[in-house]
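**Q**
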Amino acid sequence: MQRRRFVFNFEDLNCILKLLVGTQLSVSRLLVQIQREHLFLESRVLRSHSESIYHSDRRFHSMRLLQLGFLLALASGLSAILIYFTGTSNLYGSHRLSDEDVEALQSLQGGFRKCVSANGLGLQAVSGNDYCQVTISFPGDTASKWKDPKTGEVEGLSFDFNLCEAVATWEQVRNSTTILTKEFIDALPNGWEDYAWRRINKGVLLNRCANKTLCMEKLSLVLPEAPPYYPRQFGRCAVIGNSGDLLQTRFGKEIDSYDAVIRENGAPIQNYTEYVGKKSTFRLLNRGSAKALDKVVELDETRKESLIIKTTIHDIMNQMIREIRIKNSIYLMLGASFGSAAKGTGLKALEFALSICESVDMYGFTVDPGYKEWTRYFSESRKGHTPLHGRAYYQMMECLGLIRIHSPMRADPNRVVKWVPSQSVIRAARIASEKLLRRVGAGSADPLAACAITRKQVEWKSTMVSSLRKAAVDHQISVKATTMYPLEHNPGHGMLCTVSAS
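Heads up: the sequence shown begins at 13 in our numbering, then just goes up one per residue.
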């Protein structure tokens, strides 16, 4: 019989390494592992019909328990040494979490849990096993109707979110431009060869923009030289979804009172103004709606809507723009990476709004209890996508102070969102989160520290900034007139920054 060798496996080594970088969970995980080993041994003993197997298994697992016990003692000792020399048990790579960082993250979680409980209409938030993780759960009697078209599984009633990722990523959105520009492509290393063709339908046939002139021609009608909008350019903004629950409340006049209104896809205004208002500043389009530009531009009688396409430019779009003489401004969206965020055009519309507005309110999203099917206020019900996950995610956004939700059950325009963590707590938690996530520029209060790529700016700002509202001007001063672009799929969530020559 071959003798079994007792070696440290990867999980054991990983526990020690995590302790060395300061994770407080290592000791608890070792305790859990010891408990699992003990239970596994007992189950093997109960199933064993052979005395030799019984003694063999017992010797082996006894050694495993001794091994894990040794690791536990070693981990505890190392943790004590680290705390003695550093004053904290939280070291993350080259960044150390101070007591203030830990307090900020704990305050964020505590306030967040209270906020979800007070404002979520039955939703509850529970902290996870570290400073970042939270689980938002629906009541057990919630009727989940949506099924995954691939697996057939019914959508669950609880969802895990990372508050650290959320506060860090959304803060970047607040400081960045989300419109694709020629400045961005030119500044991006190999921008035309590696990126530009991806924003053109069937761009793979363009041989990585070997003919740059052809690529520029296809993008020219939707590619401004520099950003047309600034962070904080608009004050109060409303994002209008397409949910059928809009017909339950007459929000029309309230919606028209906002500085800017952002609508989605082919949602009509005429015949519904009492419920959805008539004002429309921007319209975010998915692939299907973008192919019907000729019909989309007719939805706004003023023909002043700016159209933001979140996918690619098609030849048929260029043809319509030229032949129909569409006068609306049309742009492609440049967005951030949100990981396990809610899906669909609604989230992208909120992202765009947060990049140009000081405050954002949302209407027409299915966010109230009693969801049965995905509906639209202007057509028959259709199949939606992860509606409960979306509702939980939007509640997370509200309880991080990013948006305010309006719905039939939250129709009071003066509704106060209770227990939202203060801006000072969110700011401190964001700095701590960037350390934990090892973001570019982590630990710095300077937003420009997040710049992973820096290039010279095209000369365009001097004549435009003076006409902006004060909040936008103040922001431009704070970032030294730097334009910040999100870098999609950048491992450190660094940003591409163009700086003013002056």
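The beta carbon of each residue, even a glycine, is placed where N, CA and C say it ideally should be. From a predicted model like this one, the values you see are computed outputs, not experimental measurements.
Among the candidates E237, V379, E266, K291, whose CA atom is the shortest distance from the CA of T314?
**A** When each option's Cα is compared against that of T314, the closest is K291.
**Q** From which residue to which residue does the alpha helix (DSSP H) around P498 run?
**A** That residue, P498, is in no alpha helix (DSSP H); its beta strand (DSSP E) goes 495-498.
**Q** Near G506, what residues of its chain come up, given a Cβ to Cβ distance below 8 Å and the 5 sequence neighbours on each side ignored?
**A** The residues are R451, V452, G453, A462, C463, A464, I465, L499.
**Q** Roughly how many whole angstroms lie between the Cα atoms of K430 and R220?
**A** Roughly 51 Å between the two C-alpha positions.
**Q** Taking a contact to mean a Cβ-Cβ separation below 8 Å, would you say I320 touches F364 in this structure?
**A** In contact: I320 and F364 (Cβ atoms closer than 8 Å).
**Q** Anyone know if the C-beta pair for L133 and P381 falls short of 8 Å?
**A** Closer than 8 Å, so yes.
**Q** Which residues in the same chain as P236 place their Cβ atom closer than 6 Å to its Cβ, once the five residues preceding and following it in sequence are excluded?
**A** Excluding residues within five positions, the ones whose Cβ falls inside 6 Å are T193.
**Q** Give me, in chain order, the residues of the same chain whose beta-carbon lies closer than 8 Å to that of C144; leave out the 5 immediate sequence neighbours on both sides.
**A** Answer for C144: L117, N174, L175, C176, E177, S445, L448, listed in chain order.
**Q** Judging by CA-CA distance, which residue of D111, E276, V477, S391 is the nearest neighbour of Y375?
**A** For the residues D111, E276, V477, S391, the minimum Cα distance to Y375 belongs to E276.
**Q** Between which residues of its own chain and I274 is the CB-CB distance below 6 Å, once the five residues before and five after are set aside?
**A** Taken in chain order, the residues that qualify are V251, F294, A361, A365.
**Q** What residue range is occupied by the uninterrupted beta strand (DSSP E) comprising V139?
**A** A small fix is needed here, since residue 139 is Ser in this sequence, not Val. Per DSSP, S139 belongs to the beta strand (DSSP E) from 136-139.
**Q** Would you mind sorting E410 into buried or exposed? The rule is 16 or more other CB atoms within 10 Å of its CB.
**A** Buried is the call here.
**Q** Taking the alpha helix (DSSP H) that D306 belongs to, which residues open and close that run?
**A** Where D306 is concerned, the enclosing alpha helix (DSSP H) stretches over 305-308.
**Q** What are the complete alpha helix (DSSP H) segments, minimum 4 residues, inside the region 269-354?
**A** Here the runs fully enclosed are 285-288, 299-302, 305-308, 327-335.
**Q** What do you get for Y96, buried or exposed, if any count of 16 or more other CB atoms within 10 angstroms of its CB means buried?
**A** Residue placement at Y96 is flagged as unreliable, the pLDDT there being 44, under the threshold of 50; a coordinate-derived value is accordingly withheld.
**Q** Whose C-beta lies closer than 6 Å to the C-beta of K230 among residues of the same chain, with five residues either side of it excluded?
**A** Cβ within range, chain order: I212.
**Q** Any idea which residues DSSP pairs N174 with across the strands?
**A** The partner list for N174 (beta bridge, DSSP) reads Q145.
**Q** Once you ignore the five residues that flank S371 on each side, which residues in its own chain have a CB closer than 6 Å to its CB?
**A** Here the set comprises R248.
**Q** Quick check on DSSP: helix, strand or coil for D380?
**A** DSSP places D380 in coil when its eight states are reduced to three.
**Q** For chain D, find out if any of its Cβ atoms is closer than 8 Å to the Cβ of V308; answer yes or no.
**A** No chain D is part of this structure, which consists of one protein chain only.
**Q** Is K159 helix, strand or coil by DSSP?
**A** Three-state result, K159: strand.
**Q** Please name the residue, chosen from P399, T324, S232, Q469, that lies closest to V214 on a Cα-to-Cα basis.
**A** The question names Val, but residue 214 is Lys in the sequence shown. Ranking the options by Cα distance to K214, first place goes to T324.
**Q** Quick one: give me the first and last residue of the beta strand (DSSP E) that F196 is part of.
**A** Where F196 is concerned, there is no enclosing beta strand (DSSP E), although the alpha helix (DSSP H) it sits in stretches over 194-199.
**Q** Between K162, G168, T495, P161, which has its C-alpha nearest T154's C-alpha?
**A** Closest option to T154, Cα to Cα, is G168.
**Q** In or out: N187 buried (at least 16 other Cβ within 10 Å) or exposed?
**A** With 16 or more Cβ atoms within 10 Å of its Cβ, N187 is classed as buried.
**Q** In whole angstroms, what is the alpha-carbon distance linking S232 and F124?
**A** Rounded to whole angstroms, S232 to F124 spans 45 Å at the Cα level.
**Q** Tell me the rounded alpha-carbon separation between A513 and E471.
**A** C-alpha separation (whole angstroms): 8 Å.
**Q** Can you look up G247 in the DSSP assignment and give me helix, strand or coil?
**A** DSSP places G247 in strand when its eight states are reduced to three.
**Q** Which residue from E165, E205, Y242, L226 puts its Cα closest to that of I518?
**A** Nothing can be reported for residue 518: it is not among the residues displayed for the chain, which extend from 13 to 514.
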